[in-house]
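Trainee:
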Amino acid sequence: MVTWAFSKSSAMKHFLLLLLCISTVKSLSDYDEEEESAHKSQVDARSHRPVDRRREPIPTLRPAPPPITGGGYRARPSQPLSVQQKKLERKAPDAGGCLHADPDMGALCPTGCVLQDTLVKQERTVKANVKDLGTEVDSFSQRTSSNFQYMRILKDMWTKRQKQILDNENAVNGFSSELEKHELYIQETVNTHIPNNLQVLRSILENLRSKIQKLESDVSAQMDYCRNPCTVSCSIPVVSGKECEEIIRKGGDTSEMYLIHPDGFVKPYKVYCDMKTENGGWTVIQNRQDGSVDFGRKWDAYKNGFGNIASNEDIKKYCGLPGEYWLGNDKISQLTKMGPTELLIEMEDWKGDKVKAHYGGFTVQNEGNKYQISVSKYRGTAGNALMDGASQLVGENRTMTIHNGMYFSTYDRDNDGWITSDSSKQCSKEDGGGWWYNRCHSANPNGRYYWGGHYTWDMAKHGTDDGVVWMNWKGSWYSLKKMSMKIRPFFPQQ
Ligand SMILES: *[C@@H]1O[C@H](CO)[C@@H](O)[C@H](O)[C@H]1NC(C)=O
Ligand SMILES: [Ca+2]
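Now the structure itself:
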């Protein structure tokens, strides 16, 4: 493997560090600090983890808790209950919102600021790497004699990494469009102008050096911009309810951000309501669409929720576009225990094809029960990954990818179905997000976001299929463009 052969040359290393560092701005890698050194040799690692019969017992399934009965809704009336409550008035949201770092991406709602936080956190790393790179390029250009071959190795590496870099296009967007230009320049330089002689190499390095200087000042400028006070830009409809279904019954019929108030024990909170899909009334609990939010997070983040609930369209004053977020396990559990609940998982590939998985029953237990999941009554076009496991696998290999009945795991809290004495072997550490991992998954909606869809084991941090995966539709090595999970109280349809 050529991968680290160039480590002799620290200039190359820093160059790649810079790329890596740009890459982590979006998918901030606090879920695995030592991924650098952990290059895996196994090529076939994927969704399941085969049993080593000499050392391990055959894994068994956990029974899923029984569905919730009682409570529940009647069929939806054809007329909304109280038309006068329609959202004519909009009250100002609370303070604390902020502008997106890139104005073109619209303003974030008050729960936003994720990108901004990320950027602030990453500043030191970015700056340090840029500085190191600059120093290295300096000395590199002074002793160009034997370095031509490293340039070649770099080119090979570059080709391999290109997809990953595309994955980060978003990060670069959000970071600054200037920065993107430089990245493009470097890419072109490396790809098309591999020097035929060292004279050329020297001038390229000169050029790189000035680009790096520009990069440094861009980073500073961007940081100044991000430190500016936040601006609030989303209004919230007055109409509220226990969840989105109650809101649509009260006449709130546009898809946007609302405040919901499930019961007296929790404060009202913001959520995106989908009021169009399959008659609307859906409370969005999870959404992926552009890789703008890092889903490699700890237990408490998944417990409380994270991400951007919504943003506004163009000049509109309300938040009609959903953001990327996880609503939070406490909230999800609470919502699903109010009564029978259905779950709709919609997904879209990079060509625009769409499928869905619908579960007529969906319950998440509370934290004390490790947010154990129960799903039932599948129908849809995506394949029943959650209950049947990955369609590509057979026997126990398949059984170990079933999610129904599993506990929730994050990289700092291992409750998965991979029972082993080796504590480094944890599904959430390897597969990128918090999820109801078994040993390990057939579906990985909270995985890493890969731009473009296809990815390979050597692009993954641990050689496993850690993308936004729904195996039963696209297999292990395709990361979906969009994935969302929405819930609604189950009620008899008319
Ligand atoms: C499970 O998968 C492993 C490799 O991934 C394979 O060697 C084994 O035969 C499979 N077992 C079954 C029952 O298919
Ligand atoms: Ca485990």
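Numbering (the numbering used here), first residue to last: 20 to 513.
Ideal placement from N, C-alpha and C gives every residue a C-beta, glycine not left out.
Please say whether Y337 and S254 have beta carbons closer to each other than 9 Å?
Mentor: It is a contact, given that the beta carbons lie within the stated cut-off.
Trainee: Counting beta carbon pairs with one atom in the region 71 to 83 and one in the region 489 to 506, are three or more of them shorter than 8 Å?
Mentor: The answer is no - the region 71 to 83 does not touch the region 489 to 506, with fewer than three Cβ pairs under 8 Å.
Trainee: Roughly how many angstroms separate the alpha carbons of V285 and D71, rounded to a whole number?
Mentor: 46 Å
Trainee: In whole angstroms, what is the alpha-carbon distance linking Q512 and A94?
Mentor: 6 Å
Trainee: At a cut-off of 8 Å, would you count I438 as near ligand 2, judging by its Cβ distance to the nearest heavy atom?
Mentor: yes
Trainee: With a cut-off of 9 Å, does the C-beta of N465 fall near any C-beta of chain D?
Mentor: In summary, chain D is missing from the structure at hand, where a single protein chain is found.
Trainee: When DSSP labels each residue in this structure, what does S461 get in the three-state scheme?
Mentor: Under the three-state reduction of DSSP, S461 is assigned to coil, being neither helix nor strand.
Trainee: What number of angstroms, rounded off, separates the C-alpha of N463 from the C-alpha of N348?
Mentor: If you take the alpha carbons of N463 and N348, they lie about 16 Å apart.
Trainee: So if I measure from each beta-carbon to every heavy atom of ligand 1 and keep distances below 6 Å, which residues remain?
Mentor: P69, V413, G414, E415 and N416
Trainee: Quick check on the DSSP output: the alpha helix (DSSP H) that includes M490 runs from which residue to which?
Mentor: M490 to K493
Trainee: Hey, would you say the C-beta of D319 is under 8 Å away from at least one heavy atom of ligand 2?
Mentor: no
Trainee: Could you tell me if V413 is buried or exposed, where buried requires 16 or more neighbouring beta carbons within 10 angstroms of its beta carbon?
Mentor: Exposed.
Trainee: Does the Cβ of D484 have 16 or more other Cβ atoms within 10 Å, making it buried, or fewer, making it exposed?
Mentor: In the assembly as shown, D484 is a buried residue. Its beta-carbon has 16 or more other beta-carbons within 10 Å.
Trainee: For H473, which residues does DSSP report across the bridge?
Mentor: Y497
Trainee: If we call anything under 9 Å between Cβ atoms a contact, is W301 one with Y390?
Mentor: No, these two residues do not count as a Cβ contact at 9 Å.
Trainee: Is the Cβ-Cβ distance between G466 and G486 less than 9 Å?
Mentor: yes
Trainee: When you compare each of H377, R458, V374 and K317 to G424 by their alpha carbons, which one comes out closest?
Mentor: R458
Trainee: How long is the line joining the alpha carbons of T527 and L227, rounded to whole angstroms?
Mentor: For residue 527 there is no data in the structure shown, the boundaries of the chain being 20 and 513.
Trainee: Sorted by chain position, which residues of the same chain lie with C-beta nearer than 6 Å to N403's C-beta, five sequence neighbours on each side aside?
Mentor: Y397
Trainee: Which first and last residues belong to the alpha helix (DSSP H) in which R307 is found?
Mentor: Run containing R307: none in the alpha helix (DSSP H); it sits in the beta strand (DSSP E), W301 to R307.
Trainee: Would you say I506 and F381 are within 9 Å of each other, going by their C-beta atoms?
Mentor: Contact flag set, yes.
Trainee: Using only CA atoms, which one of S461, H67 and G310 lies nearest to G408?
Mentor: In terms of CA proximity to G408, S461 leads the group S461, H67 and G310.
Trainee: Run the CB neighbour count on P256, radius 10 Å, all protein chains shown included, and call it buried at 16 or more, exposed below.
Mentor: Taking all protein chains in view, the Cβ of P256 is crowded by 16 or more other Cβ atoms within 10 Å, so the residue is classified as buried.
Trainee: Alpha carbon to alpha carbon, how far is L354 from L278?
Mentor: Approximately 14 Å between the Cα atoms of the pair.
Trainee: Could you tell me the alpha carbon to alpha carbon distance between G270 and F510, rounded to whole angstroms?
Mentor: 18 Å
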